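Visitor:
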Amino acid sequence: MAISQARIIESMEQACSNLNPDEFIFSFLDAYGFPKSTITRLRKGDDSRNVASGGDIGLKKKLYFRSVPEGADLNAEADALKANEVVSRNDIRFVIVTDFKSLVALDLKAEERLETTMDELDKQYAFFLPLAGYEKAVMYSEHPADVKASEKMGRLFDLIRERNDLSKPGDIHALNVFLTRLLFCFYAEDTGIFAQGQMTSAIQSTTKEDGSDLDQFFSDLFTVLNLDDKAPERASMAAHFQDFPYVNGGLFEADEPIPEFGKKARRLLIDCGNMDWSEINPDIFGSMFQAVIDEEKRGSLGQHYTSVSNIMKVIQPLFLDKLYEELEKSRKSERKLKELLVRLQNLRIFDPACGSGNFLIIAYKELRKLEMEVIDALNAISGQSEMYYSGIRLSQFFGIEIDDFAHEVAILSLWLAEHQMNMAFKAKFGYAEAALPLRDSGNIVCGNALRLDWKDVCPPVDGSSAPYEVYVCGNPPFLGNGGRNAEQNADMAEVFSGFKSFGVLDLVACWFWKGAKYIAGKKAEFSFVSTNSICQGDQVGVLWPAIFDERLKIRFAYQTFTWKNNAKQNAGVHVVVIGLSNAQDVKERLLFKNTTRETVHCVLAQNINPYLLDAKDTVVQSRTRPLSGTPMMVKGSQPTDGGHLLLSSEEKNLLIEREPKAQKWIKKLIGAQEFLQAKERWCLWLAEATPEDIEGMPLVKQRVEAVRETRLASRDSGARRLAEKPHQFRETKNPDSFMVVPSVSSERRDYIPMGLFGSDVISTNLNLIIPDATPYEFGILTSEMHNDWMRAVAGRLESRYRYSATLVYNTFPWPEINDRQRKKIEELAEEVLLVREDYPDKSLADLYDPDKMPEPLRDAHKALDRAVEKLYRDKPFRDATERLERLFALYEKLIAEEEAQKPAKKTAKGSN
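Position 183, counted from 1, in the sequence shown is what full-length UniProt numbering calls 183; the numbers after and before it change by one each time, with no gaps.
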């Protein structure tokens with residue numbers, strides 16, 4: 001059973017600060033929660049469960065502990081124990097060796113090594129947490145080897161950084177180059193490019209244990225890997241270097257400085273080499289990149305490692321599906337199959353935010369798999385196996401990446417992917433091209449994609465008869481306005497030069513706009529992963545009309561889904577996938593909808609609009625007044641009081657007790673939390689109080705004076721002006737009755753909870769209010785019809801709905817009704833409110849939780865929903881899509897009517 005980590009830390013600190021060699025292991029076991037009876041028997045030496053001998057302590061499936069004299073080689077002892085038959089037979093998890101000055105421990109399950117001094121051991125308590133029931137968190141991966149390699153390379157990076165001064169220009173680049181070369185060598189010695197374990201064995205047998213000559217070792221190794229087999233310089237090198245093959249391809253061409261190493265780094269290199277790198281996927285190298293790059297830098301670049309399943313959401317509908325369709329159509333024609341092979345050789349795949357190459361690698365591998373199926377089909381037609389070699393080259397793959405290390409890793413990973421697919425080709429057909437020398441890698445440019453001209457990196461071509469076709473894909477940075485730095489804001493200003501307003505856009509919108517300009521009129525298409533925010537709220541009106549003006553159409557799209565990935569510190573965000581093509585090239589439109597949180601189904605759409613709905617390309621624009629002539633919606637009252645006019649229930653009761661006159665001026669206050677969570681809060685509402693009233697309440701006066709001081713100290717000039725009326729809220733909205741709509745609401749709810757209140761309640765600016773609203777307004781706005789509209793056009797705060805008066809309420813197309821219909825809606829709305837009152841112990845958050853919503857409340861809402869729908873048409877709507885199609889059509893009609901009236905108004909004005 002797991003015990004408190006705080007207790008472990010405290011016990012370890014005590015054991016290490018009062019170190020007693022004879023008692024240490026028993027104190028250690030006690031710290032990690034081993035039973036007292038077990039520790040007592042071990043101390044007496046009569047515990048039959050001790051699987052060790054000779055003074056060692058060994059507990060099955062747990063640990064093996066050995067103390068050695070000072071000066072002994074702790075790592076050698078630990079490695080010897082790791083290979084010991086007792087350790088393997090008893091499934092030992094941890095091997096621990098110490099001379100009580102230093103300690104070495106091996107986690108045999110996680111394949112991790114710990115080296116520390118005894119006075120620092122307590123800080124490493126987490127290494128042993130599995131002994132206390134806290135299993136170490138690991139990143140999800142279909143291949144655990146990817147994770148282990150990533151973590152080990154991260155630790156090696158840290159050790160190198162500790163030992164080397166990386167302050168000179170070019171130092172970081174040199175280290176990046178070194179690490180990518182090292183990754184290649186680890187992979188090469190396990191996949192047949194080098195002899196098995198060739199580099200690791202050479203390090204073990206020819207370099208010093210203190211690591212002092214490793215820099216020279218790698219200098220010689222990288223030199224020989226760049227020398228042709230017949231180069232005379234090879235003959236002067238040591239035999240173990242001459243045995244390495246010629247690699248070429250540019251990987252070892254540049255003469256870059258090599259870092260210095262120490263004893264720990266050498267051991268970690270050997271540990272890395274002893275892993276099986278043949279299990280590593282080149283497409284996971286992005287995760288490695290994230291594990292070693294500086295945390296702050298990673299965040300600022302907005303990098304996310306994209307899982308294979310999510311990459312397939314982009315590239316399958318973009319180009320793979322239609323290529324496979326071509327294969328199926330061509331299976332009986334040798335001519336068509338050969339034409340398809342030529343077409344594959346003329347594809348260009350371009351990722352203008354390629355990171356460490358994930359999209360390019362997966363695209364390359366998938367195209368190679370398709371090519372093998374085409375060759376299979378050709379062999380089936382001929383009845384014999386002909387020698388078809390792969391015609392797909394890395395030079396068909398293009399990328400732009402701003403980060404130097406990611407750029408280097410992308411180039412390397414494409415080479416590794418090529419080798420991997422060559423091996424798959426050989427396994428299938430019995431032959432393959434030689435692994436070495438390497439051919440040229442992909443065309444990956446290190447630079448700022450928002451400043452570079454994409455046409456210079458991967459030139460597209462005009463016309464349908466062009467010899468090749470370009471597919472642009474990727475996962476650009478997602479950063480919103482608050483997360484961008486000054487340079488990124490300047491980049492956006494450059495990209496959106498000529499736009500009236502672009503500040504509301506996410507950084508990812510830059511790639512959509514540049515992508516649109518790049519493919520317009522060309523034999524090219526693009527698809528990006530994006531935050532769903534570019535299809536919501538104000539961003540739609542800024543970005544999409546400009547894109548459609550380029551004569552482009554959305555050919556396919558995935559509606560919002562939660563994207564989790566394999567990267568370290570897994571980034572979970574809400575995203576969409578959008579594919580755009582030139583309008584004349586769009587034959588059908590595919591819309592991928594979420595039927596549940598786990599499943600997606602694809603439908604053929606008549607059109608896909610910017611809200612990723614099957615509807616016309618109408619863009620809903622913010623308005624200052626309601627489209628349908630309904631009452632105005634405004635923000636609630638903003639206190640701007642430093643909290644001095646606000647009261648908890650306890651403060652309210654105490655104030656009334658001490659100053660009874662104050663009771664007249666206290667009203668219930670509701671912000672979003674108070675409204676949704678049924679929390680009690682109060683305020684001093686002194687809008688109508690005279691100076692004499694305030695003078696007669698000394699405690700209230702103190703609060704008013706505190707408000708004055710708070711406002712005078714504010715940086716906001718408006719707040720400072722308000723210091724002249726410190727007894728009032730910034731706004732003083734207190735209508736006789738009003739409706740409340742929280743400005744932010746959970747995306748899980750089927751209905752945004754709304755409510756009706758009287759003048760005894762004050763709403764803060766965290767809610768929107770409709771003064772003098774009736775149950776009719778409540779009925780329409782709380783209906784499924786309006787909630788569907790809100791979900792389509794509202795912005796988001798993270799994944800939650802951000803309700804907006806200007807963008808949601810003012811644009812909503814209200815139905816035309818008669819008195820009888822209005823009365824019906826009011827009756828059903830009042831029924832909803834009455835049913836809610838049947839649950840006084842439940843908050844609105846509970847009542848509108850889809851998993852907890854009471855059936856009577858759900859039934860009342862459904863009855864209201866059906867009645868509201870009938871105001872729009874007699875026939876029931878099948879789903880949200882049909883409702884939205886109707887609402888968008890009505891919105892277009894109302895906008896057209898409004899526009900038609902404008903000239904008439906001008907004429908009338910001119911005739912006066």
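Where a beta carbon is used, it is the ideal one built from N, C-alpha and C, also for glycine. Remember, predicted model here, so these are calculated numbers, not experimental data.
Have a look at Val95 and Leu166 and give me their C-alpha separation to the nearest angstrom.
Guide: In a straight line, the C-alpha of Val95 is about 35 Å away from that of Leu166.
Visitor: Please report how far the alpha carbon of residue 917 lies from the alpha carbon of Glu162, in whole angstroms.
Guide: A query on residue 917 cannot be resolved here, the shown segment of the chain reaching from 1 to 912 and no further.
Visitor: Put Tyr246 into one of helix, strand or coil per three-state DSSP.
Guide: Three-state result, Tyr246: coil.
Visitor: How far does the alpha helix (DSSP H) with Pro35 in it reach, from first residue to last?
Guide: Run containing Pro35: none; DSSP gives neither H nor E here.
Visitor: Going by DSSP in three states, Asn532 sits in which element: helix, strand or coil?
Guide: It is helical.
Visitor: Let me know the secondary structure DSSP gives Thr560 once reduced to three states.
Guide: The answer is strand: DSSP assigns Thr560 an E or B state.
Visitor: Measure the beta-carbon distance from Ile603 to Val575 and round it to whole angstroms, keeping in mind my assumption that it falls under 8 Å.
Guide: As written in the sequence, residue 603 is Val, which differs from the Ile given in the question. At roughly 20 Å, the Cβ-Cβ gap does not stay under 8 Å, so Val603 and Val575 are not in contact.
Visitor: Quick one: grab the DSSP three-state call for Ile400.
Guide: In the structure shown, Ile400 sits in a strand (DSSP, three-state: E or B).
Visitor: Of the residues Ile534, Asp213, Phe194 and Gln396, which one's Cα is nearest the Cα of Gln345?
Guide: The shortest Cα separation from Gln345 among Ile534, Asp213, Phe194 and Gln396 belongs to Gln396.
Visitor: Give the secondary structure of Leu591 by DSSP, where H, G and I count as helix, E and B as strand, and everything else as coil.
Guide: Three-state DSSP puts Leu591 in a strand.
Visitor: Kindly list the residues whose CB is nearer than 6 Å to the CB of Asp641, restricted to its own chain and excluding five residues on each side of it in sequence; keep chain order.
Guide: Excluding sequence neighbours, Asp641 sits near Val707.
Visitor: For Asp844, which residues in the same chain have their Cβ closer than 6 Å to its Cβ, ignoring the five residues on either side in sequence?
Guide: A small fix is needed here, since residue 844 is Leu in this sequence, not Asp. Correct list, in chain order: Leu676 and Pro753.
Visitor: Can you tell me whether DSSP reads Ser150 as helix, strand or coil?
Guide: Reduced to three states, the DSSP call for Ser150 is helix.
Visitor: With 16 other CB atoms within 10 Å as the buried threshold, where does Met139 fall?
Guide: With a pLDDT of 37 at Met139, under the threshold of 50, the modelled position of that residue is not reliable, and no figure is offered here.
Visitor: For Ser300, which residues of its own chain have a beta-carbon under 7 Å away from its beta-carbon, when the five flanking residues on both sides are left out?
Guide: Interpretation of Ser300 is limited by its pLDDT of 37, a score under 50 that renders its predicted location unreliable; the figure taken from the coordinates is listed afterwards. Result list for Ser300: Asn485, in chain order.
Visitor: Taking Cβ to Cβ, would you say Ile311 is nearer than 8 Å to Ile362?
Guide: Yes, the Cβ-Cβ distance between Ile311 and Ile362 is below 8 Å.
Visitor: For a quick check, are the C-beta atoms of Glu373 and Leu327 less than 8 Å apart?
Guide: Cβ distance < 8 Å, so Glu373 and Leu327 count as in contact.
Visitor: Out of Thr881, Asp538 and Ile578, which one is the CA nearest neighbour of Leu613?
Guide: The option with the nearest alpha carbon to Leu613 is Thr881.
Visitor: Express the C-alpha separation of Lys263 and Pro282 in angstroms, rounding to a whole number.
Guide: About 29 Å.
Visitor: Does the contact criterion of 3 or more C-beta pairs under 8 Å hold for the stretch 176-190 versus the stretch 237-254?
Guide: Touching, yes.
Visitor: Can you give me the Cβ contacts of Lys82 inside the same chain, cut-off strictly under 8 Å, excluding the 5 residues immediately before and after it?
Guide: Only Val95, Leu106 and Leu108 meet the Cβ criterion.
Visitor: What does Arg163 pair with, by DSSP beta-bridge criteria?
Guide: None, per the DSSP bridge assignment.
Visitor: Any contact between the stretch 348-362 and the stretch 537-544? By contact I mean 3 or more CB pairs, one from each, below 8 Å.
Guide: With the cut-off at 8 Å, the stretch 348-362 and the stretch 537-544 do not touch.
Visitor: Which class does Ser387 belong to by DSSP, given the choice of helix, strand or coil?
Guide: Note on identity: in this sequence residue 387 is Met, with Ser being the wrong assignment. Coil, per DSSP.
Visitor: Less than 7 Å between C-beta atoms, sequence neighbours within five positions excluded: which residues of the same chain meet that for Arg623?
Guide: So the qualifying residues of the chain are Thr806, Asn810 and Thr811.
Visitor: According to the neighbour-count rule (16 or more other Cβ atoms, all chains shown, within 10 Å of its Cβ), is Leu552 buried or exposed?
Guide: Leu552 comes out buried.
Visitor: Just to confirm before moving on: does the CB-CB distance between Leu756 and Met739 stay below 8 Å?
Guide: A contact, by the Cβ cut-off of 8 Å.
Visitor: Return helix, strand or coil for Asn443, following the three-state DSSP convention.
Guide: Three-state result, Asn443: strand.
Visitor: Only counting runs of 3 or more residues, tell me where the beta strand (DSSP E) segments fall wholly within the stretch 756-823, in order along the chain.
Guide: Whole beta strand (DSSP E) segments, 3+ residues: 761-763, 767-771, 795-797 and 800-802.
Visitor: Please determine, among Ala896, Asp841, Ala239 and Glu826, the residue with the shortest C-alpha to C-alpha distance to Asp865.
Guide: Closest option to Asp865, Cα to Cα, is Glu826.
Visitor: Could you tell me whether the stretch 316-325 touches the stretch 414-432, using the rule of 3 or more Cβ pairs below 8 Å?
Guide: Because the criterion of three Cβ pairs below 8 Å is not met, the stretch 316-325 and the stretch 414-432 do not touch.
Visitor: Answer yes if the stretch 64-71 comes into contact with the stretch 32-50, meaning at least three C-beta pairs across the two stretches below 8 Å, and no otherwise.
Guide: Cβ pair count under 8 Å is below three, so no.
Visitor: Does the separation of the CB atoms of Phe128 and Tyr32 fall below 8 Å?
Guide: Closer than 8 Å, so yes.
Visitor: Going by the beta-carbon positions, is the gap between Glu885 and Ala719 smaller than 8 Å?
Guide: Not in contact: Glu885 and Ala719 (Cβ atoms no closer than 8 Å).
Visitor: Pick from Trp814, Lys668, Glu386 and Thr774: whose alpha carbon is nearest that of Asp760?
Guide: Considering only alpha carbons, the answer is Lys668.
Visitor: Measure the C-alpha to C-alpha separation of Phe478 and Gln196 and round it to an integer number of angstroms.
Guide: Rounded to the nearest angstrom, the two C-alpha atoms are 42 Å apart.
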